[in-house]
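Peer 1: Going by my numbering, the sequence shown opens with residue 18, and the numbers climb by one from there.
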Amino acid sequence: MNLVRSELLKIRTTSTWWLLGIGAFLATALAFAINAWLAHQVLSGNAEDFGVSGEQASAAGQAANLYTSGQYLGLLFVMLIGILMVTNEFFHQTATTTFLTTPRRTSVILSKLGAASLLGFGFWLATTVIDLVAGTIFLTVDGHGTQLGEWPVHRALLLNLLAYAIWTILGVGIGTLIPNQLGAVITAAVLYLVGTQVVQLLFFLLSNWLDSQAVVKWQVVWPAVASQVMISGSSTELTPDWWVGALVLVGYALVSGVFGVLITRRRDIS
């Protein structure tokens with residue numbers, strides 16, 4: 018716990034957390050506005066016009082979408098925090114001091130993973146509170162009730178928490194793979210923002226070439242897509258069940274954590 022507290026202190030005493038926090042707040046506000054407009058249209062009987070069907074067309078489905086607004090960019094921000102927790106050691110040349118103070122490198126990486134998960138929880142809690150307050154007001158005024166007693170809403174909130182925790186762990190893993198801070202941040206951001214669009218386009222083109230809609234479901238192997246699938250709650254012709262996305266993300270987290278520990282134990286810090 019002393020190591021975890023020290024990792025939290027490193028983040029808390031810099032401007033990193035609040036700059037990313039502001040970014041997460043703005044992303045949440047923008048996403049909520051878009052999701053609120055979409056929810057109004059869907060619940061007003063225009064679901065087919067927007068390609069929304071099944072559970073997502075219900076009041077509970079739209080409430081779950083509202084209460085998890087901002088997840089897409091929010092996960093990017095917590096991933097960057099995980100990356101910075103590792104790369105800051107090399108950027109500020111404190112890695113040698115850290116590992117001399119705590120020679121057991123595995124303990125250091127595990128403490129970073131633990132601290133990153135706590136920060137992910139903090140970001141999830143802050144964005145969820147904003148979404149819950151704004152969402153309950155919007156749904157009540159729109160005449161659909163808060164829907165807070167529905168299981169799809171509870172499931173979306175819990176799985177959203179899991180997504181935030183996992184993406185901070187992925188960030189730590191990326192930081193151990195690419196110790197250069199600028200390189201790690203740019204690579205991760207490009208893969209997340211641009212790579213996701215490229216992967217979705219490739220699977221769409223592949224499905225047309227093979228004349229099979231089922232191929233599109235395999236885009237869930239990309240972690241950003243898996244996050245979206247996980248909190249969706251229901252499968253469609255283009256997406257698998259939510260638990261498939263959850264398994265994919267957990268798999269990435271386990272692999273990232275193990276590789277992070279192994280690489281750090283063998284790396285020459287001097």
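Every residue, glycine too, gets a C-beta built ideally from N, C-alpha and C. This structure is a prediction, so every number in the text was calculated from the model and none was measured.
Just to confirm, is the Cβ distance from Ile100 to Gly192 under 7 angstroms?
Peer 2: Taking the first residue of the sequence shown as 1, we reach residue 100 at position 83. Taking the first residue of the sequence shown as 1, we reach residue 192 at position 175. Going by C-beta atoms, Ile100 is nearer than 7 angstroms to Gly192.
Peer 1: Run the CB neighbour count on Gly120, radius 10 Å, all protein chains shown included, and call it buried at 16 or more, exposed below.
Peer 2: Within the sequence shown, the letter at position 103 stands for residue 120. Looking at the sequence itself, residue 120 is Pro, so the reference to Gly does not match. With fewer than 16 Cβ atoms within 10 Å of its Cβ, Pro120 is classed as exposed.
Peer 1: Nearest-angstrom Cα distance between Thr145 and Thr85?
Peer 2: To locate residue 145, count along the sequence shown from 1; it is residue 128. To locate residue 85, count along the sequence shown from 1; it is residue 68. Each residue's Cα considered, the two are about 7 angstroms apart.
Peer 1: Is Leu136 buried or exposed, if buried means 16 or more other CB atoms sit within 10 Å of its CB?
Peer 2: Within the sequence shown, numbered from 1, the residue matching residue 136 stands at position 119. That one is buried.
Peer 1: Would you say Ile248 and Leu165 are within 7 angstroms of each other, going by their C-beta atoms?
Peer 2: As a first step, residue 248 is located in the sequence shown; it is residue number 231 there, counting from the start. As a first step, residue 165 is located in the sequence shown; it is residue number 148 there, counting from the start. Going by beta carbons, Ile248 and Leu165 fall outside the 7 angstroms limit.
Peer 1: Kindly indicate the opening and closing residues of the alpha helix (DSSP H) around Met18.
Peer 2: Taking the sequence shown and counting its residues from 1, one reaches residue 18 at position 1. Careful: Met18 lies outside any alpha helix (DSSP H) and carries neither H nor E.
Peer 1: Whose C-alpha, out of Ser244, Ala205 and Ser134, is nearest the C-alpha of Glu24?
Peer 2: Reading the sequence shown from its first residue, position 7 is the one you call residue 24. If we check each option's Cα against that of Glu24, Ser134 comes out closest.
Peer 1: With Thr113 and Val125 assumed to form a contact (beta carbons below 8 angstroms), what rounded beta-carbon distance in angstroms separates them?
Peer 2: The residue labelled residue 113 in the question sits at position 96 within the sequence shown. The residue labelled residue 125 in the question sits at position 108 within the sequence shown. Not a contact, Cβ separation roughly 12 angstroms.
Peer 1: Does the stretch 223–236 come close enough to the stretch 191–209 to have 3 or more Cβ pairs within less than 8 angstroms?
Peer 2: no
Peer 1: Can you tell me whether Ala236 is buried or exposed? The criterion is at least 16 other CB atoms within 10 Å of its CB, across all chains shown.
Peer 2: One-based indexing of the sequence shown puts residue 236 at position 219. Going by the sequence as given, residue 236 is Gln instead of Ala. By the neighbour-count criterion, in which a residue is buried when 16 or more other Cβ atoms sit within 10 angstroms of its Cβ, Gln236 is buried.
Peer 1: Please state the DSSP three-state secondary structure of Val169.
Peer 2: Numbered from its first residue, the sequence shown carries residue 169 at position 152. Looking at the sequence provided, one finds Pro at residue 169 rather than Val. Helix, per DSSP.
Peer 1: Using 7 angstroms as the threshold, is the C-beta distance between Trp184 and Leu92 below it?
Peer 2: Here residue 184 refers to the residue found at position 167 when the sequence shown is read from its first residue. Here residue 92 refers to the residue found at position 75 when the sequence shown is read from its first residue. Taking 7 angstroms as the Cβ cut-off, Trp184 and Leu92 qualify as a contacting pair.
Peer 1: Alpha carbon to alpha carbon, how far is Val211 from Ser224? Give it in angstroms, no decimals.
Peer 2: Within the sequence shown, the letter at position 207 stands for residue 224. Within the sequence shown, the letter at position 194 stands for residue 211. Each residue's alpha carbon lies about 20 angstroms from the other.
Peer 1: Count the other CB atoms within 10 Å of the CB of Trp18; is the residue buried (16 or more) or exposed (fewer)?
Peer 2: Taking the first residue of the sequence shown as position 1, residue 18 is located at position 1. In the sequence as displayed, the identity of residue 18 is Met instead of Trp. Its Cβ having fewer than 16 others within 10 Å, Met18 is exposed.
Peer 1: Grab the span of the alpha helix (DSSP H) containing His57 for me, first residue to last.
Peer 2: The count along the sequence shown starts at 1 and reaches residue 57 at position 40. Run containing His57: Thr33 to Gln58, per the alpha helix (DSSP H) assignment.
Peer 1: I'd like the span of the alpha helix (DSSP H) that includes Tyr84, first residue to last.
Peer 2: What you label residue 84 is simply residue 67 of the sequence shown in a count that begins at 1. Where Tyr84 is concerned, the enclosing alpha helix (DSSP H) stretches over Ala76 to Tyr84.
Peer 1: Looking at the structure shown, is Asp66 part of a helix, part of a strand, or coil, going by DSSP?
Peer 2: Numbered from its first residue, the sequence shown carries residue 66 at position 49. Correct three-state label for Asp66: helix.
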